[in-house]
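Residue numbers are given in this note's numbering: position 156 of the sequence shown equals residue 176, and the series is strictly consecutive. All C-beta atoms in this analysis are idealised placements derived from N, C-alpha and C, irrespective of residue type, glycine included. Predicted model only: the values in this text are computed from it and were never measured. Structure record follows, encoded as structure tokens.
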Amino acid sequence: MRPFFFFGVIAILLIYQETTRAQISEGELTDTPFFSRDCLAALHRQIVIHFDSSILYLKFAAYFAQETIDLPGFEKFFFHAADEEREKGIQLIEYALLRNLDPMDTNNFNLNYVYEMPHGLSGENALRVAIDQQNKVTKRLSELIKVCKEGNSDFYLGNHMGGDYLYMQHVKLRELDDRLNQLRQLMSVSRFGEFLYDKDHM
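Structure (structure tokens):
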């Protein structure tokens, strides 16, 4: 049932992407009062990477939900992580609309659906990929904060993203690091370490 849900979400995202492209007129980004072109471009990039992260985690969740894999703890964890990333993207879109800005750059709103699942993906590898992805999100977020705090930009957005938003991003990274270390420790003492970690800690 879960894989069907996954493909349904992917279809919705595809439709949303094409609808957004149709609704927003093409053209170069321009400066608006209290919101620079560079700040808006950084906001667009942040929105895209949140949706890309959501798609990646949905793929992981669907993989672990397979009968031949059957790691429900990892499945639940990555479905929840996908929801969180999608909600962050939606919140930034809503903020752009609140400021009467284009929520998407039609020239760069290309979500990544082509991530190839490695053969024999393990929980350890999935967590490591998730850490790499969250490091990319954090890097984009730092760029957004820097750009939007400078010059004729949106200081409020930069300040907000540099507060609780950035803090929670680091909390997420720490959680992933802790989970990966705990999983490795359990796997070092038991060949059933992944199964036990999935059952008791995810």
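Status (buried if at least 16 other CB within 10 Å, exposed otherwise) for residue i
i: D125; result: buried
i: K108; result: buried
i: Q154; result: buried
i: H64; result: buried
i: H70; result: buried
i: D152; result: exposed
i: R194; result: exposed
i: Y135; result: exposed
i: E114; result: exposed
i: R148; result: exposed
i: V191; result: exposed
i: D72; result: buried
i: D218; result: buried
i: L15; result: A question about residue 15 goes unanswered here, because the residues of the chain that appear run from 21 up to 222.
i: L91; result: buried
i: L118; result: exposed
i: F97; result: buried
i: E87; result: exposed
i: A42; result: Interpretation of A42 is limited by its pLDDT of 44, a score under 50 that renders its predicted location unreliable; no figure is taken from the coordinates.
Helix, strand or coil at residue i according to DSSP, with G and I counted as helix
i: Y135; result: coil
i: A101; result: helix
i: T88; result: coil
i: L121; result: coil
i: H221; result: coil
i: T158; result: helix
i: F212; result: coil
i: N179; result: helix
i: S56; result: coil
Cut-off 7 angstroms between Cβ atoms - residues of its own chain near residue i, not counting five sequence neighbours on either side
i: M137; result: K79 and Y83
i: L216; result: L206 and S210
i: E95; result: R22, A81, F84 and A85
i: L196; result: L147, A150, I151 and Q154
i: N156; result: One detail in the question is off: residue 156 reads as Lys in this sequence, not Asn. Excluding sequence neighbours, K156 sits near I69.
Contacting residues, own chain, Cβ-Cβ under 8 angstroms from residue i (five flanking each side not counted)
i: S142; result: E214
i: L161; result: Q66, M181, Y185, L186 and Q189
i: E144; result: L200, L203, R204, M207 and E214
i: D198; result: none
Cutoff 6 angstroms; reference residue i; Cβ partners in own chain excluding five residues on either side
i: C168; result: C59, D174, L177 and G178
i: G116; result: Contrary to the premise, residue 116 reads as Ala rather than Gly in this sequence. Counting only Cβ-Cβ distances below 6 angstroms, and skipping sequence neighbours, we find P123.
i: Y77; result: F98, A101 and A102
i: M222; result: G93, F94 and F97
Contact test: residue i Cβ vs the ligand PLP heavy atom, cutoff 7 angstroms
i: F212; result: The ligand PLP is absent from the structure shown, which contains no ligands of any kind.
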